[in-house]
Amino acid sequence: MSLSPVEGVALAEIESDGGMGEPAAKGVVGRSPGQLAWLRLRRDRTAVVSGVLLVFFMVLGLSAPLIEVVYGVGPREQFQNLLDGFGMPLGYAGGVTGDHWFGLEPGLGRDIFIRLIYGLRTSLFIAFAAALITATIGIGLGALAGYLGGWLDAVINWITDLTLAMPFLIIALALTPTITLRFYGERGQVSSAFGVGVLIAVFAIFGWTSTARLVRGQVIALREREFVEAAKASGAGLGHIIFRQLLPNIWAPILVSFSLAVPQFITSEAALSFIGVGLSDETPSFGRMIYDSLDFLQTDPAYVFFPGITIFALVFAFNLFGDALRDALDPKSSR
Amino acid sequence: MSRFLIKRLFSATLTLFAVSVLTFLMFFALPRDPVSSICSKNCNPERLERVRDDLGLNDPLVSQYAGYMKGIVTGRDLGSAQGGRCDAPCLGWSYVTNEAVSDTIARVLPVTLSIVIPAAILWLLLGVGLGMVSALRRGTWLDRAAIGFSLTGASLQLYFVGAVLLLVFVYNLRLLPVPSYTSLFDNPARWASGLVLAWVALAFLFSAIYARLSRAQMLETLSEDFVRTARAKGLAKPKVYGRHALRAAITPVVTIAGLDVGGALGGTVITETTFGIQGLGRTAVDAVRSGDLPTIMATVLIAAVFVVLANVLVDLLYAAIDPRVRLR
Amino acid sequence: MTDEPLLRVRGLTKHFPVRQGLRATGLVRAVDGLDFDVRPGETLGLVGESGCGKTTTGRMLVRLLEPTSGSIEFAGRDITHAGRRELRPLRQELQIIFQDPYASLNPRHTVGRIVAMPLQVNGINPPGGIKARVQELLELVGLNPEHYNRYPHEFSGGQRQRIGIARALALRPKLIVADEPVSALDVSIQAQVVNLLRDLQRELGLAFVFIAHDLAVVRHFCQRVAVMYLGRIVEIGDRADIYERPQHPYTRALLSAIPDVTQLGPAGRIRLTGDVPTPLDPPSGCRFRTRCWKAQDVCATEEPALVARDGGNQATACHFPEPARAALQAEAAVVGAEPAGRGVEANVEEVSS
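Protein sequences appear in the order of chains A, B and C.
Residues in the first sequence are numbered from 6 upward in steps of one, following our numbering.
Residues in the second sequence are numbered from 16 upward in steps of one, following our numbering.
Residues in the third sequence are numbered from 190 upward in steps of one, following our numbering.
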């Protein structure tokens, strides 16, 4: 479903080229299904553009401290002198100047641009960590449930239903302070690293079931295939069958679901910060900024727009890329 | 069919039971003492103790849970400090708001329903319609615009859309009043004008998903043999698409819709926070913030009931649309 | 060929429970009491219509399915219920070739990895390294060893089946169960693959249990043949006996169904009426009686035992076996030098020369 059609012709060429395995004199280069997908991805304009954009975002996030040095303003620095008597930034569009590219926060007078850069880092880190953890748990449990079936399958299915029935936001809202207090205690200021850790844990608890369901279905479809039986007949153990035989065949849907899970976690993190759990005000975060900005919707609309547009661009790029990836990995689905 | 229904209802009950146990345990693990947050600084220890006793917080966990469940099913007598007799379904007494939780719920539930149900109708019509049109006009600018719309909608944040809508329609153009809830039966016009922004925001985001889904589904169905057969035997296009293809394409849409509506009813937390409307979602958030355990329990349970019920409904609809399901 | 059997199967049975909800409502008697032996280096063909339990038997032999009852002895050891660890050393001597060359190769693995899999799973490091051994195997089955790094989707069906054969040979087995190894292939390719198997069998002294529904292929490849019907062996014997002097009516019917095999003379084609009865509820007594033109009352009450007549090698489970007669004339043309028929036979001969 990508915006530009996947070039099927090129694909057909590649495949026919590798066809009959006559003792050919020309280079005997086997192209793995993965390499073919990579080729398709590289020919897809949407994928390339969104991919480049994503890399750009990641570089921005990763090099946040570096940008701070170059930019010359820190995320916690306050510029009260640039605010008027009511705490509103002076100048146009929320105080946009050459020094403060995206203007200043009303009230505290912190620089929005550098806070966004740090917020990007926090967001991306949480989302990737949560996606990685949920994928790992989901793949492991889903593969076991699908391959072994029986009571394990029943239990995992039931847990999946259960997590679906729990209102995620409310539970997360209640769970986050609980976990924090349980493991951190009343120590006044919760360090931002710990807050991030708790968020990732909450996402992991609730997020693994969808991957598990996906992997389970795929494994069930594959487990009766003869290549699995061939491995079994050679004496292969559970580990070999799952990791060597089954998983290499389902990494495509896993990869797609991973690439679509990341923006979901970005959104969830922002939503949690928005309703006031998640991270403390000290840690810059998209959701937190928008939540704060809603109070200034009438007086300082620019404050809403910068974080809002940034998070949109980020999630949009991820979704585009995820779609393109799906097309590249499963050319039959593209239309 | 009835056996299928009984089986589904049984597993739904089991899920609800598990949700209630889990929530109960989870919130009792809250290290924050629910009592201390209730009375202000001039609370003496005796009074605290008495409140604790009233709330049954000194009883063992199992009997607290049993009492709570009994209250839901048959009603129960609470202490005089808690309004005395509490009829079924008794959800307890909140010391924070000083009223029976069932009263609170009765007040906020219509708000959430008023937000979600019209929004759901809007997003289903918009989403499925858009998906169908772009599938039938595949490759045209219309299709491309629909895809663009759906990708944009899927990437937008509800609070951001809400903020923009508020800014434009309420603060700048002053076309609409500041969002608030008026009962539909008191004043339908004010009911609609107070909530329309919330509907539009929800519909914009959700219809995006439905447009994508129903487009993909429709394209797949259109390429199937039975549609070609129907066309070949001379049925008119609208009839084929309307009756045969739509029916097959709609099934997965029904699933997602059921889950979404169920989930949305369980707490439109973000919507209500953005527009400053006091519904179920915001009540839940407030309850969590103030450690109001009976209210938290009630909101989580109600949310779970909606999701589970929606699931059952989806299964029944499925069975109605696709008879094969019943055989499983 | 009178030494100890390599594989000894006694009373082998597999029943699949049929469930509706949680209640077990019946048993599919897929395989119901098989007895047979395979000696080292011998090829036994297992033939029958689809659904008669041949594939189930094959899977039980390599322990992909757990037998319900009966025993499987391999090289003098009872492996009927051996666990994975106990089985491990025997796995190396007992391998399987699958029917569908498209499903039996992992599409994400290179040919090299596929063929090397049994070696790696069993932690075997052959002298000269795994790669050398794999290339040797590829050469053995007639593939270009340079194709080591290619993926299955780059090969044709026949080539894929050769890869499957190379994989089965990797552990130097003594017995290979071939489950319809050629039935998914084009007829011309079938002949090549069968000839490859025959050459390998002769060169390496392999024993085979060759499962097929195609009698012509079995005749070309197997020294002994067992005919199955509804989970039972109805007749077993040397190839010449089975093909020239079938004693069981079902065997006769099967043979007469081969196009242009005229040895049956004026009897011509025997048309069986009716369908194969369901294995959920097999007929009493002789299972073939519902379709047998010779059936009498005794067939419904008494189950015929699989017994050898005339003290020969050929055992038949029938109350009214065909007398060993007509065959006398054809005695001259036996084993090895088949009369060149047409159709499949013709292809086979053509390529093997």
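Ideal placement from N, C-alpha and C gives every residue a C-beta, glycine not left out.
Checklist entry - Along the segment 261–295 of chain C, what residues have a CB closer than 7 Å to any CB found in chain A? => result Arg273, Leu276, Arg277, Arg280, Gln284, Ile285, Phe287, Asp289, Ala292, Ser293, Leu294, Asn295
Item to check | Euclidean distance between Cα positions of arginine 387/C and glutamate 343/C | outcome: Looking up residue 387/C in the third sequence gives position 198. Looking up residue 343/C in the third sequence gives position 154. Whole-angstrom Cα-Cα distance: 26 Å.
Checklist entry - Measuring CB to CB, does proline 312/A end up less than 9 Å from phenylalanine 291/A? => result Residue 312/A sits at position 307 when you count from the first residue of the first sequence. Residue 291/A sits at position 286 when you count from the first residue of the first sequence. Proline 312/A is a Cβ neighbour of phenylalanine 291/A, given a cutoff of 9 Å.
Checklist entry - Beta-carbon separation of tyrosine 418/C and arginine 460/C under 9 Å? => result Residue 418/C sits at position 229 when you count from the first residue of the third sequence. Residue 460/C sits at position 271 when you count from the first residue of the third sequence. In terms of Cβ geometry, tyrosine 418/C and arginine 460/C do not form a close pair [threshold 9 Å].
Checklist entry - Is the CB of arginine 248/C under 9 Å away from at least one CB in chain A? => result As a position in the third sequence, residue 248/C is number 59, starting the count at 1. It does; some Cβ of chain A falls within 9 Å.
Next on the checklist: Using a Cβ-Cβ cutoff of less than 7 Å, which residues in the same chain neighbour leucine 149/A once the five nearest sequence positions on both sides are dropped?
Outcome noted: What you label residue 149/A is simply residue 144 of the first sequence in a count that begins at 1. These residues qualify, in order along the chain: Leu157.
Item to check | As assigned by DSSP and simplified to three states, the class of aspartate 49/A | outcome: The sequence position of residue 49/A within the first sequence is 44, counting from 1. Aspartate 49/A: coil per DSSP, three-state reduction.
Checklist entry - So, does the CB of alanine 33/B fall closer than 9 Å to a CB anywhere in chain A? => result Here residue 33/B refers to the residue found at position 18 when the second sequence is read from its first residue. Judged by the 9 Å Cβ criterion, alanine 33/B is in contact with chain A.
Item to check | isoleucine 292/B (DSSP reduced to helix, strand or coil) | outcome: Along the second sequence, read from residue 1 onward, the residue named residue 292/B stands at position 277. Note: isoleucine 292/B maps to coil in three-state DSSP.
Next on the checklist: My assumption, with CB atoms under 8 Å, is that leucine 109/A sits in contact with phenylalanine 84/A. Please give the rounded CB distance.
Outcome noted: Start at 1 with the first residue of the first sequence, and residue 109/A comes out as number 104. Start at 1 with the first residue of the first sequence, and residue 84/A comes out as number 79. Their Cβ separation, rounded to whole angstroms, is 6 Å, which keeps leucine 109/A and phenylalanine 84/A in contact under 8 Å.
Next on the checklist: Cβ closer than 9 Å: which chain C residues qualify as neighbours of glycine 242/A?
Outcome noted: On the first sequence, residue 242/A is found 237 positions in, with the first residue counted as 1. Near glycine 242/A (Cβ distances below 9 Å), the residues of chain C are Arg273, Val310.
Checklist entry - With burial defined as no fewer than 16 other Cβ atoms inside 10 Å of the residue's Cβ, what is the status of histidine 270/C: buried or exposed? => result For the purposes of this step, residue 270/C is taken as the residue at position 81 of the third sequence. Per the 10 Å Cβ criterion, exposed.
Checklist entry - Quick one: is proline 80/A buried, meaning 16 or more other Cβ sit within 10 Å of its Cβ, or exposed? => result As a working note, residue 80/A is residue 75 in the first sequence. With 16 or more other Cβ atoms within 10 Å, it is buried.
Checklist entry - Per DSSP, which one or two residues make a beta bridge with serine 222/B? => result In the second sequence, the residue the question calls residue 222/B occupies position 207. The partner list for serine 222/B (beta bridge, DSSP) is empty, contrary to what the question assumes.
Next on the checklist: Since proline 362/C and glutamine 281/C should fall inside the 8 Å C-beta cutoff, what is the C-beta to C-beta distance between them, to a whole number of angstroms?
Outcome noted: Locating residue 362/C in the third sequence gives position 173, counting from the first residue. Locating residue 281/C in the third sequence gives position 92, counting from the first residue. With 8 Å as the limit, proline 362/C and glutamine 281/C qualify as a contact, their Cβ atoms being about 7 Å apart.
Item to check | Helix, strand or coil at proline 133/B [DSSP, three-state] | outcome: Here residue 133/B corresponds to residue number 118 of the second sequence, with the count starting at 1. Reduced to three states, the DSSP call for proline 133/B is helix.
Checklist entry - Can you tell me whether tryptophan 156/B is buried or exposed, with buried defined as 16 or more other CB within 10 angstroms of its CB? => result Here residue 156/B corresponds to residue number 141 of the second sequence, with the count starting at 1. Burial call: exposed.
Checklist entry - Using the rule of at least 16 other Cβ atoms within 10 Å of the residue's Cβ for burial, across every protein chain shown, is aspartate 297/A buried or exposed? => result For the purposes of this step, residue 297/A is taken as residue 292 along the first sequence, with counting starting at 1. With 16 or more other CB atoms across the displayed protein chains lying within 10 angstroms of its CB, aspartate 297/A is buried.
Checklist entry - Do we get a CB-CB distance below 9 Å when we pair tyrosine 138/C with the residues of chain A? => result One cannot answer for residue 138/C here, as it falls past the ends of chain C, which runs 190 to 542.
Next on the checklist: I want to know whether the segment 256–267 of chain A touches the segment 312–327 of chain C - three or more CB-CB distances under 8 Å.
Outcome noted: no
Checklist entry - Quick one: is isoleucine 161/A buried, meaning 16 or more other Cβ sit within 10 Å of its Cβ, or exposed? => result What you label residue 161/A is simply residue 156 of the first sequence in a count that begins at 1. With 16 or more other Cβ atoms within 10 Å, it is buried.
Checklist entry - Could you give the distance in angstroms between the alpha-carbon of glycine 144/B and the alpha-carbon of valine 123/B? => result As a position in the second sequence, residue 144/B is number 129, starting the count at 1. As a position in the second sequence, residue 123/B is number 108, starting the count at 1. In a straight line, the C-alpha of glycine 144/B is about 32 Å away from that of valine 123/B.
Item to check | Length of the line joining the Cα atoms of alanine 219/C and glycine 154/A | outcome: For the purposes of this step, residue 219/C is taken as residue 30 along the third sequence, with counting starting at 1. For the purposes of this step, residue 154/A is taken as residue 149 along the first sequence, with counting starting at 1. Taking the straight line from one Cα to the other gives about 23 Å.
Checklist entry - Since isoleucine 72/A is in the alpha helix (DSSP H), which residue starts that stretch and which ends it? => result Within the first sequence, residue 72/A is the residue found at index 67, counting from 1. Element bounds for isoleucine 72/A: 69–76.
Checklist entry - Can you tell me whether DSSP reads phenylalanine 301/A as helix, strand or coil? => result Along the first sequence, read from residue 1 onward, the residue named residue 301/A stands at position 296. Residue state, collapsed to three classes: coil.
Item to check | Any C-beta of chain B under 9 Å from that of alanine 329/A | outcome: To locate residue 329/A, count along the first sequence from 1; it is residue 324. Contact of alanine 329/A with chain B is not assigned, every C-beta pair being separated by 9 Å or more.
Next on the checklist: Using 8 Å as the cut-off, can you tell me whether the segment 246–264 of chain A makes contact with the segment 171–187 of chain A, which would need three or more C-beta pairs spanning the two stretches below that distance?
Outcome noted: no
Checklist entry - If we cut at 9 Å on Cβ distances, does phenylalanine 248/A have a partner in chain C? => result Taking the first sequence and counting its residues from 1, one reaches residue 248/A at position 243. Judged by the 9 Å Cβ criterion, phenylalanine 248/A is not in contact with chain C.
Next on the checklist: With a threshold of 9 Å between beta-carbons, can proline 111/A be considered close to chain B, or not?
Outcome noted: The residue you call residue 111/A lines up with position 106 of the first sequence. Using a CB distance cut-off of 9 Å, proline 111/A does not count as an interface residue toward chain B.
Checklist entry - CB of valine 126/B to nearest heavy atom of the ligand GDP: below 8 Å? => result Only the bare structure without any ligand can be found here, which leaves the ligand GDP out of the picture.
Checklist entry - Could you check where the alpha helix (DSSP H) with arginine 349/C kicks off and where it finishes? => result Here residue 349/C is taken as the residue at index 160 of the third sequence, counted from 1. Note, arginine 349/C: alpha helix (DSSP H), 346–358.
Checklist entry - CA-CA distance, arginine 159/B and alanine 264/B? => result As a first step, residue 159/B must be located in the second sequence, where it is residue number 144. As a first step, residue 264/B must be located in the second sequence, where it is residue number 249. Whole-angstrom Cα-Cα distance: 20 Å.
Checklist entry - Can you find a C-beta in chain C that's less than 9 Å from the C-beta of arginine 380/A? => result Any answer about residue 380/A is impossible in this case: the structure gives chain A only from 6 up to 340.
Checklist entry - Rounded C-beta distance between proline 290/C and glycine 353/C? I'm assuming under 8 Å. => result For the purposes of this step, residue 290/C is taken as residue 101 along the third sequence, with counting starting at 1. For the purposes of this step, residue 353/C is taken as residue 164 along the third sequence, with counting starting at 1. Their Cβ separation, rounded to whole angstroms, is 6 Å, which keeps proline 290/C and glycine 353/C in contact under 8 Å.
Checklist entry - Hey, quick one: how far does the beta strand (DSSP E) through aspartate 307/B stretch, first residue to last? => result Translated into the one-based positions of the second sequence, residue 307/B becomes position 292. Here aspartate 307/B belongs to no beta strand (DSSP E), and DSSP marks it neither H nor E.
Item to check | Selection from Ala216/B, Gly86/B, Pro203/B that minimises the alpha carbon distance to leucine 182/B | outcome: For the purposes of this step, residue 182/B is identified with residue 167 of the second sequence, where counting begins at 1. Closest by alpha carbon: Ala216/B.
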